[in-house]
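Asker: Sharing a structure here in structure tokens format.
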Amino acid sequence: MNRRNFLLNGAAGIAFVAGGVSLLRMGRPEPARAATAETFEVTKTDAEWKAQLTPAQYDVLRHEGTEYPGSSPLLEEHRKGVFACAGCDLPVYSSDKKFESGTGWPSFWQEIPKAVGEHKDTTLGMVRTEVHCRRCGGHLGHVFNDGPPPTGLRHCINGVALTFKPATA
Numbered sequence: 009m010n011r012r013n014f015l016l017n018g019a020a021g022i023a024f025v026a027g028g029v030s031l032l033r034m035g036r037p038e039p040a041r042a043a044t045a046e047t048f049e050v051t052k053t054d055a056e057w058k059a060q061l062t063p064a065q066y067d068v069l070r071h072e073g074t075e076y077p078g079s080s081p082l083l084e085e086h087r088k089g090v091f092a093c094a095g096c097d098l099p100v101y102s103s104d105k106k107f108e109s110g111t112g113w114p115s116f117w118q119e120i121p122k123a124v125g126e127h128k129d130t131t132l133g134m135v136r137t138e139v140h141c142r143r144c145g146g147h148l149g150h151v152f153n154d155g156p157p158p159t160g161l162r163h164c165i166n167g168v169a170l171t172f173k174p175a176t177a
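Take a look at the structure:
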């Protein structure tokens, strides 16, 4: 069993035991982002975010939650187009950078330039690189160094944090 499968199986087990609580948040009441000093172009109160987003989007985008692997319809999205932040509609990933990683989350080998920000995430007892929308700060997912050429990166992104806009002919 490779490390990725080990971690995915462990995370799925944790989710099962937690009884539906987000994989990463594990019931934390406050967003992890509150500790960062970043400022964003799009800012809203917690109540405004909660009113705008679905409960799943709110958990992922505003509280750094994680959707269940294999649950996103965007896994099967193969049309040409752009994936945008579900919080503020900023285009963050192009469909021509999407690939099938087998992890259960939409994966991309590169973001749209200047679309995402990053910070170090030490939850779950490991060091990872978290990615978020640079305009509203919404949590998108994480970046790993096991992706395909040319970057070797795998942006493992929560589909619920994205919307898809098909290219026009």
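Okay, so the sequence shown: first residue is 9 according to the numbering used here, each after it adds one.
Ideal Cβ positions, reconstructed from N, Cα and C, are used throughout, including at glycine.
Quick caveat, the model's predicted, so the values are computed rather than measured.
Just confirm the distance between the C-beta atoms of aspartate 129 and histidine 150, as a whole number of angstroms; I'd bet it's less than 8 Å.
Answerer: Within the sequence shown, the letter at position 121 stands for residue 129. Within the sequence shown, the letter at position 142 stands for residue 150. So it is a contact: roughly 7 Å between Cβ atoms.
Asker: For the stretch 104–116 against the stretch 54–73, are there 3 or more C-beta pairs whose distance is under 8 Å?
Answerer: Segments in contact, no.
Asker: For histidine 86, name the three-state secondary structure that DSSP assigns.
Answerer: Working through the sequence shown from its first residue, we reach residue 86 at position 78. Looking at histidine 86 - three-state DSSP - the assignment turns out to be coil, as it is neither helix nor strand.
Asker: Rounded to a whole number of angstroms, what is the C-alpha to C-alpha distance between arginine 166 and proline 158?
Answerer: For the purposes of this step, residue 166 is taken as residue 158 along the sequence shown, with counting starting at 1. For the purposes of this step, residue 158 is taken as residue 150 along the sequence shown, with counting starting at 1. Residue 166 is actually asparagine in this sequence, not arginine. Roughly 22 Å between the two C-alpha positions.
Asker: So what does DSSP say about arginine 136, is it helix, strand or coil?
Answerer: As a working note, residue 136 is residue 128 in the sequence shown. Three-state DSSP puts arginine 136 in a strand.
Asker: Under a Cβ-count criterion, where at least 16 other Cβ atoms within 10 Å of its own Cβ denotes burial, should aspartate 67 be classed as buried or exposed?
Answerer: If you number the sequence shown from 1, residue 67 lands on position 59. Buried: at least 16 other Cβ atoms inside 10 Å.
Asker: Using a 10 Å radius around the Cβ and a threshold of 16 neighbouring Cβ atoms, would you call proline 63 buried or exposed?
Answerer: Counting from 1 along the sequence shown, the entry for residue 63 is found at position 55. Exposed.
Asker: Let me check understanding here. Comparing Cα to Cα, which of Glu85, His127, Leu98, Pro121 lies closest to valine 212?
Answerer: No information on residue 212 is available, as it lies outside the stretch 9 to 177 that the chain covers here.
Asker: What is the residue span of the alpha helix (DSSP H) that glutamate 56 lies within?
Answerer: Within the sequence shown, residue 56 is the residue found at index 48, counting from 1. Where glutamate 56 is concerned, the enclosing alpha helix (DSSP H) stretches over 54–60.
Asker: Whose C-beta lies closer than 8 Å to the C-beta of leucine 161 among residues of the same chain, with five residues either side of it excluded?
Answerer: On the sequence shown, residue 161 is found 153 positions in, with the first residue counted as 1. Closer than 8 Å at the Cβ level, and outside the excluded window around leucine 161, lie Trp117, Gln118, Val151, Phe152, Asn153, Gly155.
Asker: For aspartate 97, which of helix, strand or coil comes out of DSSP?
Answerer: Taking the first residue of the sequence shown as 1, we reach residue 97 at position 89. Looking at aspartate 97 - three-state DSSP - the assignment turns out to be coil, as it is neither helix nor strand.
Asker: Give the DSSP bridge partners of leucine 170, in chain order.
Answerer: Mapped onto the sequence shown, residue 170 falls at position 162. DSSP output for leucine 170 lists Cys93 as bridge partner(s).
Asker: With valine 124 as the anchor, note down where its beta strand (DSSP E) starts and where it stops.
Answerer: Translated into positions along the sequence shown, residue 124 becomes position 116. First-last of the beta strand (DSSP E) with valine 124: 124–129.
Asker: Under 6 Å Cβ to Cβ from glycine 27, same chain only, skipping five residues before and after it: list those, please.
Answerer: On the sequence shown, position 19 is the one that residue 27 refers to. For glycine 27, the predicted structure reports a pLDDT of 37, less than 50, and the residue's modelled location is therefore unreliable. A value from the coordinates is still provided. Contacts found: none.
Asker: What are the boundary residues of the alpha helix (DSSP H) that valine 68 is part of?
Answerer: Working through the sequence shown from its first residue, we reach residue 68 at position 60. Per DSSP, valine 68 belongs to the alpha helix (DSSP H) from 63–71.
Asker: Cα separation between glutamate 126 and histidine 140?
Answerer: As a position in the sequence shown, residue 126 is number 118, starting the count at 1. As a position in the sequence shown, residue 140 is number 132, starting the count at 1. Their backbone Cα atoms lie some 6 Å apart in a straight line.
Asker: Below 8 Å between beta carbons: does that hold for histidine 147 and leucine 82?
Answerer: Translated into the one-based positions of the sequence shown, residue 147 becomes position 139. Translated into the one-based positions of the sequence shown, residue 82 becomes position 74. Cβ atoms of histidine 147 and leucine 82: not closer than 8 Å.
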